[in-house]
Amino acid sequence: MKKKIRKLKYGDIVEGTFGKMKYVKDFLPPPEQLVFKELTTKVTISLQKDSIDFFKKEAKRLDTSYQRMIRNLLQEYTTRMSQLKK
4 MKKKIRKLKY GDIVEGTFGK MKYVKDFLPP PEQLVFKELT TKVTISLQKD
54 SIDFFKKEAK RLDTSYQRMI RNLLQEYTTR MSQLKK
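Residue numbers (our numbering): 4 to 89.
Okay, here's the thing in structure tokens:
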């Protein structure tokens with residue numbers, strides 16, 4: 004004989020893996036809302052070799068892209084300088 008399964012409602016108390024738990028509405032955003040597309044413009048810039056070497060070394064150590072690090076540095080500088088000018 005099959006056991007009838009009752010549909011859960013938000014707020015119901017259920018027996019979970021770690022004891023009694025409250026069933027709550029899924030509050031996480033869908034994957035589509037987790038993709039952040041930033042408005043960017045491609046530029047070509049000549050930088051000193053020691054600067055690039057530094058960022059490449061740090062990027063490798065941190066398992067990231069050196070271009071991303073330079074972009075973030077420029078963005079941080081822009082943000083701080085903009086706030087000072089206000």
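Yeah, the Cβ is synthetic: ideal placement off N, Cα and C, and Gly gets one too.
This structure is a prediction, so every number in the text was calculated from the model and none was measured.
Classification of PHE21 by the beta-carbon crowding that lies within 10 angstroms, buried from 16 upward: Taking the first residue of the sequence shown as 1, we reach residue 21 at position 18. PHE21 should be labelled exposed.
Buried versus exposed, by CB contacts within 10 Å (16 or more), PHE58: Numbered from its first residue, the sequence shown carries residue 58 at position 55. Answer is buried; the Cβ neighbour count reaches 16.
Separation of PRO34 from MET84, as counted between CA atoms: As a position in the sequence shown, residue 84 is number 81, starting the count at 1. As a position in the sequence shown, residue 34 is number 31, starting the count at 1. Those two C-alpha atoms are separated by around 34 Å.
As assigned by DSSP and simplified to three states, the class of ILE48: Residue mapping note: residue 48 aligns to position 45 of the sequence shown, counting from 1. Coil.
Opposing strand residues paired with GLU18 [DSSP bridges]: Position 15 of the sequence shown holds residue 18. Looking at the DSSP assignment, GLU18 forms a beta bridge with LYS23.
Distance between ILE73 and ARG64 (C-alpha atoms, nearest Å): Locating residue 64 in the sequence shown gives position 61, counting from the first residue. Locating residue 73 in the sequence shown gives position 70, counting from the first residue. Roughly 15 Å separates the two Cα atoms.
Member of LYS25, GLY14, GLN70 whose CA lies at the smallest distance from the CA of ILE48: What you label residue 48 is simply residue 45 of the sequence shown in a count that begins at 1. Taking only the C-alpha atoms, the option nearest ILE48 is GLN70.
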